[in-house]
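Sequential numbering of the sequence shown, starting at 16, is according to our numbering.
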Amino acid sequence: MKIRKSILLLTLMLALSFVLAACGNSNSSAETASAADETETVTEALQTEETAEDVSEETTEEPETTETESAETDADGGNVLVAYFSYTGNTKEVAQIIAEYTGGDLAEIQRAEEYGDLQEEAEAEILDGVHPEITVSVDSIEGYDTIFVGYPIWWDEAPAMIATFLTENDFSGKTIIPFCTSASDDIGNSLHIFSELCPDAEIAEGLTANDLNDIEPWIQGLGLME
Ligand SMILES: Cc1cc2nc3c(=O)[nH]c(=O)nc-3n(C[C@H](O)[C@H](O)[C@H](O)COP(=O)(O)O)c2cc1C
């Protein structure tokens, strides 16, 4: 009887240990599943982070440079020069109006030394083909394709400072547009110096700008209205 009880007890203990072992296994597979879940979540999180980084890298990429475009724009907007000599201010006023219409830059031409006797010296300079020393308010005409050249009519000619300006600069391949003011004379007789001194430039139709109302249609006709 005692032996039977012992066998029964042993059987029960064995059965219990199986049950416990089975429970243990089932816990560990639950843990494995949960660990797998966690790994998946971390992987997903990492992938999401990488994708976010990719997007942010794409959006923070430098925009393509538009340097060439702005250089072209600068050239278009800045290639007209309005150079002028003015003794009493009339030609200067015309030059300022032309610069406003065309968006061009102004360049004042001055005689380096003032005349002692204007009447005597200025006429002799023109007749003798003297090129007096000048100053110009821009360093160079190099960057300009179109250059207006303005002056007062003196003895039916351009003052000698204009001849100096035309010889001291290289106008090859550029377009020169002459204009003048006067008491009554037309620009026509003074124009010969442009073709003589700048044979490689194109000389456009000039204007005697004694009536300021003539300036706008002239600029429009030249196709240079800004
Ligand atoms: C020395 C001198 C000579 C001039 N010779 C002439 C001339 O031959 N024909 C003419 O129509 N006007 C002549 N004028 C008048 C100027 O051309 C005119 O007043 C011009 O608008 C002046 O321009 P400015 O103010 O830009 O110097 C002469 C003026 C001066 C001072």
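The C-beta atom is built at its ideal place from N, Cα and C for all residues, glycine as well.
Please read these numbers as outputs of a predicted model, since none were measured by experiment.
Query, Result
"Proximal residues to C213 (C-beta, below 7 angstroms), its chain only, five neighbours per side dropped", "L181, F186, I191"
"Outcome for P232 when other beta-carbon atoms lying within 10 angstroms are tallied against a minimum of 16", "exposed"
"Distance cut-off 7 angstroms: W233 Cβ against heavy atoms of ligand 1", "no"
"Bridge partners - W233, DSSP secondary structure assignment", "In DSSP, W233 forms no bridge with anything."
"Close-in-space but distant-in-sequence residues of the same chain around Y116 (CB under 8 angstroms, 5 per side omitted)", "I230, E231, I234, L239, M240, E241"
"Residue range of the unbroken beta strand (DSSP E) whose run includes T161", "161 to 167"
"Those runs of the beta strand (DSSP E) which lie wholly inside the region 117 to 195 and span at least 3 residues", "120 to 126, 149 to 151, 161 to 167"
"Distance cut-off 7 angstroms: S152 Cβ against heavy atoms of ligand 1", "no"
"Terminal residues of the beta strand (DSSP E) in which L96 lies", "95 to 99"
"Ligand 1 heavy atom lying under 7 angstroms from the CB of I191", "no"
"S205 Cβ short of 7 angstroms to ligand 1 heavy atom set", "no"
"Own chain, CB closer than 6 angstroms to V97, minus 5 neighbours either side, in chain order", "A110, I113, A114, G119, L121, F163"
"Start and end residues, alpha helix (DSSP H) containing S210", "207 to 212"
"For S197 and T161, believed in contact at Cβ under 8 angstroms, the rounded distance", "The Cβ separation is near 23 angstroms, so there is no contact."
"Selection from V95, G104, E183 that minimises the alpha carbon distance to Y166", "G104"
"Between the CA atoms of R126 and E148 - distance to the nearest angstrom", "6 angstroms"
"Counterpart residues of T223 in DSSP-defined beta bridges", "C195"
"Beta-carbon proximity list for W170, same chain, < 7 angstroms, skipping 5 on both sides", "E138, I141"
"Euclidean distance between Cα positions of E123 and S199", "24 angstroms"
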